[in-house]
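Enquirer: Here the protein sequences come in this chain order: V and W. Its first residue numbered 4, the first sequence is counted upward by one per residue in my numbering. Its first residue numbered 3, the second sequence is counted upward by one per residue in my numbering. Note that beta-carbon positions come from the ideal geometry of N, C-alpha and C, so glycine has one too. As the structure is a computational prediction, the values presented were derived from the model and not from experiment.
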Amino acid sequence: MNFANAFTPERMQEAWKVLLTEFPFAIWETVYSTLLATLLAIVIGLPLGVILVTGEAKGIRPLPRPLMSFLNLLINLLRSVPFIILMVMIIPLTRVIVGTSVGTLASVVPLTVAAFPFIARLVESSLREINPNIIETAQSMGATPMQIIFHVLLPESVPSLITNFTLAITTIMGYTAMSGAVGGGGLGKLALAYGYQRYRYAVLYLAVIVLVIITQVIQSFGTWLARKCDKRLKH
Amino acid sequence: MIQLKNLSKHFTTVDGPVDALRHINLTVNDGDIYGIIGMSGAGKSTLVRCINMLERPTEGNVILDGRDLGTLSNAELRKVRRKVTMIFQSFNLLMQRTCLKNVMLPLKLIHMPREQAEKRAMELLELVGLPDKANSYPAQLSGGQQQRVAIARALATEPRLLLCDEATSALDPKTTHAILELIRDINRKMGITVIVITHQMSVVQEICNKVSILEHGEVVEEGDVSEVFSNPRSNAAKNLIYPEMADGNSLVSEGGQKIRVIFNGAMASKEPLIAKMAVDCGILASILGASTRSVGDRAYGYILLDIPGTPADLAKAVSYLSQMPDVMVQVEAEYEAKEAVME
């Protein structure tokens, strides 16, 4: 097709109409599936990340080596499967959990499965930034491993966790666009189904612009929040 | 009372096994400020961590008031650690928490009600002189102030023993002095026994009453600070106490006779000793080196003398100087050995 034809006044008028009618709901679908998947991924990934740090041989509460190896292997496996393939691979699981493999809610399952190992690794790296001397200090006060996790490790890494969770949200939002290919709703689906498959390129570009704006807003907010929370900086 | 009995610690590193501590025997009495001094790598930090079992000793026992800490369960050990607290070279405060919250941390760990913990933490911040910093964050404080907060935190659970691991090594001399004063105050007023780990002789000199000198994981010298300072016997002690005179032999002229005159009290240092010896015995000694300092309330130190003349003159000088109160004389053994080789 002729690319220039995509931006004729008629096409632009049509795109404008789509923007007003279809976009608000698509934006909501994207935000909804992104935030829900991020939340679920944090629920699974945060404890997992903590275990990766505290359970290693030199950690504050060493766990059996085979268990640690298994967890690391699981995370690496899930991390190495491309999302678009993972999504198709776990369709049976999605059916079991949601009852269907199509739709926005169904897309949250593969999003969560793809995101929790990522979050676990991010949490792991945040916790490893903590000065080991501070952990030793807590031990010298008679803190239990659980107390060290909740009174030292997590509170001390809050700014780093916020930065990393912001990164996770923007990445997961990228995944939601892909989930449009397998029945997930949102801006990705709009761009692909409406813009690409029906040759309405103006719609495709508009969807991309909106995605860029949302990402910018989330990133700026996350950066601001992380800085505001970090008491190491002299205000 | 805390006793270390035949304490050893071995590590296995990539370069092979390391004996960090070898057969350490120490007794720290209640009320002591006990200094453990050594060069870096001597095993001081490992030793202090064995006292509260942050490092489990490979061999030997740590006995606190008759209880062998090595036999305690983790839960029992955590209880002991409330009574054996620690401060560090790098202060180790929680950077995301206010000073007040930092001091409250040990109290939160024992589930003290919030209001009570807050009240106690405020009292402790007042004790260390920082009540106005309660709501400041550690990053807004100077090093000395951070160490004060760390001290307040260490006192929160009313310990009976305070371990100081190079607590002043990151501070300037003036701040060091102020922190040491605070530690001494705590020792005197609250009756808390203190163990001070340091590489700085000046720290031991300023606040300790007992000292052990650690070298290559072994205690090479131990005793009252005044004794060890006035008459260091081991090379490690000499190096630490008189670093400037560590290699005194190099000063002596060949064929000379060298003696070390050790002052062990204030009286001796007031006498014009060398001048009197010249008048009374006709021995014109030259001073090769000297170092004196005051420890506690008394003055200590030594003068290294070159005695000209025959061995008879040397003997005369030794007997003359030995008569003086609080003065000891040693003919330098290293020199004699050297002479023997030359013959």
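Rounding to the nearest angstrom, what Cα-Cα distance links Ser252(W) and Glu223(W) in this structure?
Expert: Reliability fails at Ser252(W), whose pLDDT of 48 lies under 50, so the model's placement of it is uncertain and no value is given.
Enquirer: To the nearest angstrom, how far is the alpha carbon of Leu157(V) from that of Ala229(V)?
Expert: Distance between the alpha carbons of Leu157(V) and Ala229(V): 14 Å.
Enquirer: So if DSSP puts Leu307(W) in a beta bridge, which residue, or which two residues, is it bridged to?
Expert: Note: Leu307(W) sits in a beta bridge opposite Ile261(W) and Ile289(W).
Enquirer: Report the option in Ser75(W), Ser236(W), Thr294(W) and Glu117(W) whose CA atom is closest to the CA atom of Leu216(W).
Expert: Ser236(W)
Enquirer: Between Ala342(W) and chain V, is the shortest Cβ-Cβ distance under 7 Å, so that the two count as touching?
Expert: Residue confidence for Ala342(W) is low, a pLDDT of 41 falling below 50, so the modelled location carries little weight; the figure read from the coordinates is stated next. Answer no: the Cβ-Cβ gap between Ala342(W) and chain V never drops below 7 Å.
Enquirer: From Leu71(W) to Glu57(W), what does the alpha carbon distance come to, in whole angstroms?
Expert: Straight-line spacing of the CA atoms in Leu71(W) and Glu57(W) works out to 12 Å.
Enquirer: With respect to the beta strand (DSSP E) encompassing Phe13(W), which residues constitute its N-terminal and C-terminal limits?
Expert: DSSP places Phe13(W) inside the beta strand (DSSP E), whose first and last residues are Ile4 to Thr15.
Enquirer: For Leu42(V), count the other beta carbons within 10 Å of its own beta carbon; 16 or more makes it buried, fewer makes it exposed. Which is it?
Expert: exposed
Enquirer: Does DSSP put Gly171(W) in a helix, a strand or coil?
Expert: Correcting the residue type first, residue 171(W) is Ser in the shown sequence and not Gly. Coil at Ser171(W), not helix or strand.
Enquirer: Can you find the residues in the same chain that come closer than 7 Å, C-beta to C-beta, to Ala172(W), ignoring five residues on each side of it along the sequence?
Expert: Gln91, Ser92 and Gly145
Enquirer: Which of the three DSSP states, helix, strand or coil, is assigned to Pro19(W)?
Expert: strand
Enquirer: Name, going along the chain, the residues of the region 41–60 of chain W whose beta-carbon falls closer than 9 Å to a beta-carbon of chain V.
Expert: Arg51, Asn54 and Leu56
Enquirer: Under 7 Å between C-beta atoms, does Gly250(W) make it to chain V?
Expert: Residue placement at Gly250(W) is flagged as unreliable, the pLDDT there being 49, under the threshold of 50; a coordinate-derived value is accordingly withheld.
Enquirer: So, helix, strand or coil for Ala270(W), using DSSP?
Expert: Any answer about Ala270(W) is weak, because its pLDDT of 49 lies below 50 and its placement is not dependable; what the coordinates show is given next. DSSP places Ala270(W) in helix when its eight states are reduced to three.
Enquirer: Unbroken alpha helix (DSSP H) runs of length 4 or more, entirely within the region 125–170 of chain V: which are they?
Expert: 135–143 and 148–151
Enquirer: Would you mind stating whether Ser129(V) and Asn75(V) have Cβ atoms separated by less than 7 Å?
Expert: no
Enquirer: Suppose the cutoff is 8 Å on Cβ atoms and the five residues either side in sequence are ignored; what does the same chain contact list for Gly106(V) look like?
Expert: For Gly106(V), same chain residues with a beta-carbon under 8 Å away, outside a window of 5 residues either side, are Gly186, Gly187 and Gly188 in chain order.
Enquirer: Can you tell me which of the three DSSP states Lys212(W) falls into?
Expert: strand
Enquirer: For Thr14(W), does the count of other Cβ atoms within 10 angstroms reach 16, so buried, or fall short, so exposed?
Expert: exposed
Enquirer: Hey, out of Lys81(W), Thr294(W), Ile285(W) and Val329(W), whose CA is closest to Pro313(W)'s CA?
Expert: Ile285(W)
Enquirer: For a cutoff of 7 Å on Cβ pairs, would you count Ala317(W) as touching chain V?
Expert: no
Enquirer: Do you know how far the Cα of Ala118(V) is from the Cα of Ile188(W)?
Expert: 53 Å
Enquirer: Could you please give the first and the last residue of the uninterrupted alpha helix (DSSP H) stretch that includes Phe86(V)?
Expert: For Phe86(V), the enclosing alpha helix (DSSP H) covers residues Phe86 to Met92.
Enquirer: Taking only the alpha-carbon atoms, compute the straight-line gap between Val30(W) and Val86(W) and give it to the nearest angstrom.
Expert: 13 Å
Enquirer: Please list the partners that Ile137(V) has in chain W, where partner means a Cβ-to-Cβ separation under 7 Å.
Expert: Asn94 and Leu96
Enquirer: Among the candidates Gly145(V), Leu55(V), Tyr208(V) and Gln16(V), whose CA atom is the shortest distance from the CA of Arg124(V)?
Expert: Selected option, being the one with the closest Cα: Leu55(V).
Enquirer: Counting Cβ pairs, one atom from each stretch, are 3 or more of them under 8 Å apart for the region 145–155 of chain W and the region 96–107 of chain W?
Expert: These segments touch.
Enquirer: Looking at the C-beta of Met88(W), does it have a partner C-beta in chain V at a distance below 7 Å?
Expert: Interface residue, yes.
Enquirer: List the residues of chain W that Gly145(V) touches, going by C-beta distances under 7 Å, in chain order.
Expert: Neighbours of Gly145(V) on chain W, chain order: Arg80, Lys81, Arg83, Arg84 and Leu111.
Enquirer: What are the residues in the region 134–148 of chain W lying within 7 Å of chain V by C-beta distance?
Expert: Of all residues in the region 134–148 of chain W, Tyr139, Ala141 and Gln142 have a Cβ within less than 7 Å of some Cβ in chain V.
Enquirer: Around the Cβ of Ile261(W), are there at least 16 other Cβ atoms within 10 angstroms (buried) or fewer (exposed)?
Expert: buried
Enquirer: Leu66(W) versus chain B: which residues are under 7 Å apart at the beta carbon?
Expert: Among the protein chains in the structure shown, which are V and W, there is no chain B.
Enquirer: Please state the DSSP three-state secondary structure of Tyr173(V).
Expert: Tyr is not the amino acid found at residue 173(V); the sequence shown has Thr there. Three-state result, Thr173(V): helix.
Enquirer: Please state whether DSSP places Leu77(V) in a helix, a strand or coil.
Expert: DSSP, read as helix, strand or coil, puts Leu77(V) in helix.
Enquirer: So is Ser160(V) buried or exposed if we call it buried at 16+ other beta carbons inside 10 Å?
Expert: buried
Enquirer: Counting only the same chain and skipping the five closest in sequence on each side, list residues whose C-beta sits under 8 Å from that of Pro50(V).
Expert: none
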